[in-house]
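One structure is given below, encoded as structure tokens.
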Amino acid sequence: MKTNLKNMTLKEMETYFDTIGEKKFRARQVYSWLYKGIYSFEDMTDLSKPLREKLEEFAMIETLSIEDLQISPKDGTRKYLFGLSDGFAVESVFLKYRYGNSVCLSSQAGCRMGCLFCASAIGGLQRSLTASEMVDQIMAIEKDVNERVSHLVVMGTGEPFDNYENLLRFLELVRSKEGLNIGARNITVSTCGLVPKIYEFARDVPQVNLAISLHASNDHIRNTLMPINKKYPMEELLDAAKAHIAKTNRRITFEYALVRGVNDSDKHAKELAGKLRGMLCHVNLIPLNEVSESDYKGSGRDKVEEFKKILEAAGVQTTIRRGLGDDIDAACGQLRLGK
Ligand code: SAH
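This is how it looks when you write it as structure tokens:
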């Protein structure tokens, strides 16, 4: 089997070139070509012909295939379905903001966290993605729209902290100067609350932003919505969040999907405010996007506004997330396993 160069860090590629009897600096040349989107060794014009032939024989550069693309007539959001080499598929979303282009990418095909309101959980986990497969969601989209992507959110299907090693490798590839060169501060990783990994993440990549899917103001509610809470209850989760802030000095985002009649009352808002007050954090509210397989409904606009008012009155910064792409099922929690 040919070696996939796209899954290698620059350092690893240097070692690889060493083992095939080539000079290390050749690795940097190939790495740069690769991240410019040149995938054919033939087109890497500063390599000698014998080297190009050698690479052709032993190495390859993996790319995902675009199986489907939907474009929102409402806001131009683009939802891609990518085919993986073994037949699985993942979805990714391209969003245009005033501050730049953003990609919401998947870290796993499927997900085993089982949150009851989320489409990605249906059918469980197929498998974790390689770093290469994560990077290529971005590169394939850049190629398709012919524009640069400046911001990343790891908020597609999957739990990134359930695929931690590959997540770290992915972050190195996208951040490296010779790679995609995307600033850590423009990258946000979202977790449903794998507490031990939050501590590791603060230590390993303190410059990358963290978002935590909270969705409840107490353990009772969170236990019914998110099975992970039975393993890592809210107090432990909030302690980990505080440790992350202390270590990184970065503001954490708490995602809170308002579910009608479940977590959206004034009482819940006050309870939440009591827990978050004084933390360097901000709450991102979103009315739950409806998923056909679940009976949970989103809260109305008024409820969302009211919830925001209560949090803000208590000094907790709050924004309401726009439902970009909801007309094509590309909004939060609506990504699922391919057809
Ligand atoms: N597993 C990670 C990454 C997924 S991010 C995590 O849980 O954070 C996707 C975000 O969309 C999460 O905040 C998730 O809780 C949220 N979400 C899931 N289903 C949703 C729905 N139906 N409506 C709104 N948000 C939803």
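So the number in our numbering is just where the residue sits in the sequence shown, counting from 1, plus 586.
Backbone N, C-alpha and C fix where the C-beta goes; we use that ideal spot for every residue, glycine too.
Span of the beta strand (DSSP E) holding H801? Taken as a continuous stretch (DSSP letters only), H801 belongs to no beta strand (DSSP E), as it is neither H nor E.
Runs of 3 residues minimum, wholly inside the segment 748-793: which ones carry the beta strand (DSSP E) assignment? Within the segment 748-793, the complete beta strand (DSSP E) runs of at least 3 residues are 773-777.
With distance defined between alpha-carbon atoms, name the residue in A675, H854, V689, C867 nearest to L910. Of the listed residues, the one whose Cα sits closest to L910 is V689.
Let me make sure I understand the geometry here. Which of L596, E857, A613, E648 has the alpha-carbon closest to that of L633? The shortest C-alpha to C-alpha distance from L633 to any of L596, E857, A613, E648 is the one to A613.
Please say whether D912 and N870 have beta carbons closer to each other than 8 Å? Against a cut-off of 8 Å, the Cβ pair of D912 and N870 comes out as no contact.
To the nearest angstrom, how far is the alpha carbon of D654 from that of A675? So the alpha carbons of these two residues sit roughly 10 Å apart.
Would the beta-carbon of C918 be found less than 7 Å away from any heavy atom of the ligand SAH? C918 Cβ: within cutoff of the ligand SAH.
Would you please state the rounded distance, in angstroms, between the beta carbons of K665 and A916? I believe it to be under 8 Å. Between the beta-carbon of K665 and that of A916 there is about 4 Å, and that keeps the pair under the 8 Å contact cut.
Nearer than 7 Å: is that true of the beta carbon of N749 relative to any heavy atom of the ligand SAH? In this structure, the C-beta of N749 stays at least 7 Å away from each heavy atom of the ligand SAH.
Rounded to whole angstroms, what's the CA-CA distance from D604 to L641? Just pull it up for me. The straight-line gap separating the alpha-carbon atoms of D604 and L641 is approximately 13 Å.
Beta-carbon proximity list for T589, same chain, < 8 Å, skipping 5 on both sides: If the five residues before and after T589 are omitted, its C-beta is found closer than 8 Å to the C-beta atoms of Y602, F644, A645, M646, all from its own chain and listed in chain order.
Evaluate contact between the segment 784-791 and the segment 823-840, counting only Cβ atoms and requiring at least three cross-stretch pairs below 8 Å. With a cut-off of 8 Å on Cβ pairs, the segment 784-791 is in contact with the segment 823-840, counting three or more such pairs.
Got a sec, what are the start and stop residues for the alpha helix (DSSP H) V616 sits in? Start and end: 611-621.
Evaluate T839 with the Cβ neighbour count: other Cβ atoms within 10 Å of its Cβ, from every protein chain shown; 16 or more gives buried, anything less gives exposed. When all chains shown are included, T839 counts as buried.
Grouping DSSP H, G and I as helix and E and B as strand, with all else coil, what is T601? Helix at T601.
Can you grab the Cα-Cα spacing for the pair S718 / L866, in whole Å? Roughly 33 Å between the two C-alpha positions.
Could you say which of I798, C704, E764 lies nearest to L780 if we only look at CA atoms? Per the Cα distances, I798.
If you follow the alpha helix (DSSP H) that E653 is part of, which residue opens it and which one closes it? Per DSSP, E653 belongs to no alpha helix (DSSP H); it is in the beta strand (DSSP E), 651-657.
What is the DSSP secondary structure of M646, reduced to helix, strand or coil? Strand, per DSSP.
Do the segment 770-779 and the segment 733-742 touch if we need at least three Cβ pairs shorter than 8 Å? Two segments are said to touch when three or more pairs of C-beta atoms, one from each, lie closer than 8 Å; by this definition the segment 770-779 touches the segment 733-742.
Find out if the Cβ-Cβ distance for the pair S693, M720 is shorter than 8 Å. Between S693 and M720, the C-beta gap is smaller than 8 Å, which places the two residues in contact.
Could you check whether the Cβ of P746 sits closer than 7 Å to any heavy atom belonging to the ligand SAH? Under cutoff, so the answer is yes.
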